[in-house]
Amino acid sequence: MKRLVTLLLSALLAVTLSSPVLAGSLDSEMATAVRFLQQNNILAGDETGNLQLDKSLTRAELAVIVSRLTVNQEHLMADQKYYAGQCTFTDVPEWARVYVGYCASMYYVGGYGDGRYGPDDPVTPAAACTVLLRCCGNLVPFAWSYDTALDAAVQYGIAPREALLEEHISRGTLSILLYRTAEKLGFSMEDAEPDTGDTSDEDTASEMEQQVAELVNQERAAQGLAPLTFSADLCDGARRKSQDMHDNNYFSHDSPTFGSPFDMMSSMGIDFWAAGENIAMGYPTAEDVMEGWMNSPGHRANILSEAFTEIGVGYVDGYWTQWFVNR
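Taking mature numbering (1 follows the signal peptide of the UniProt record, and there is no 0), I'd label the letters of the sequence shown as residues -23 to -1, 1 to 304.
In structure tokens form, the structure reads like this:
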């Protein structure tokens, strides 16, 4: 049993979304920001859908994201030869030249003064604030400079001060700054908040949990696999795990409260010979989170595993947990 559990756990560690270390008060805003940025095709994940929110980003990646925020991408690509020609830096790779060239032509970004842009260099909070303040242009009602960019971004309202303490800005922190900047630029923010309808939060969560289980069984049926039984005690445990991640501001398979998923299951009296866990953060609907999981090989393997016979799903304020067992 130990060997099987360990192997299953090792396949789960590539989680769908990583959570940056931010103050708890910013956690909900980040989830809203990520929703908005995904809906507007501003922030994208890797080939598996992983947004890597706890990772720093490079100056080349920042240029890509800023271009998505400030210009219609069809128009940009229609003029890509022109904008690539505006990139006079000697060290920018071919794939990034159109984005860096566009941002440079708009005076959003600059180089180091020696012909280099530093495309692989990490972005500091001061640099991120400078670029986004430049995007806002004359909307900023006071003078500022690179040396005062952090204070200016806080004063203008596009950056919470507690989010600017990192040496290099993370993708999660940047999502908050991008979201606030988009609002200043006149984006409609109506779709960023999830629609709760007339039902209670608890009823809505329960419905979405059931929907995830149904979508799991649809995916299994498409592969000729037996359906998983929707189990009440697994749902209770999965919901506790999501609540724990929410309350303690972390995103990991290992809980500071309960330990590993397998420790947590055992402490709840759930016996098993095979077990697994999927987690995700920031997806507003059952369909969205399932798409993210199915695009990630490790999560997909759990959903389609023949080793499991039961499933539980827990959703709490943007945090998702799936538990799988065979007893």
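The beta-carbon is built from N, C-alpha and C at its ideal position, and this holds for glycine as well.
- DSSP places Glu144 in the coil class of the three-state scheme, outside both helix and strand.
- The Cβ atoms of Leu20 and Ser152 lie closer than 8 Å to each other.
- Scanning its chain for C-beta atoms nearer than 6 Å, with the 5 sequence neighbours on each side dropped, one finds around Gln220 the residues Val293, in chain order.
- Beta-bridge analysis with DSSP links Met258 to Tyr296.
- Closest option to Leu205, judged by alpha-carbon separation, among Leu192, Met245, Met271, Tyr133: Leu192.
- In the structure shown, the three-state DSSP call for Asn279 is helix.
- Residues of the same chain with a CB within less than 6 Å of the CB of Val131, apart from the 5 flanking positions on each side, are Arg138 in chain order.
- DSSP places Pro238 within a helical segment (H, G or I) once states are collapsed to three.
- Note on Ala209: under 16 other CB atoms within 10 angstroms of its CB, so exposed under the neighbour-count rule.
- Residue state for Ala251 is assigned as strand, using DSSP reduced to three classes.
- Shown here, Phe207 sits in a strand according to DSSP, grouped into three states.
- When DSSP reads this structure, Ser232 sits in a beta bridge with Gly236.
- Taking 8 Å as the upper bound for CB-CB distance, Glu287 and Leu211 are in contact here, some 6 Å apart.
- An exposed status is given to Met166, since fewer than 16 other beta-carbon atoms sit within 10 Å of its beta-carbon.
- In chain order, Thr35, Arg36 place their CB closer than 8 Å to the CB of Asp98, counting only its own chain and leaving out the 5 sequence neighbours on each side.
- Assignment of Ser33 by DSSP, reduced to helix, strand and coil, places it in the strand class.
- Distance from the CA of Tyr133 to the CA of Val75, rounded to the nearest whole angstrom, comes to 29 Å.
- The beta carbons of Glu186 and Val290 sit closer together than 8 Å.
- Here the alpha carbons of Ser232 and Pro238 stand approximately 8 Å from one another.
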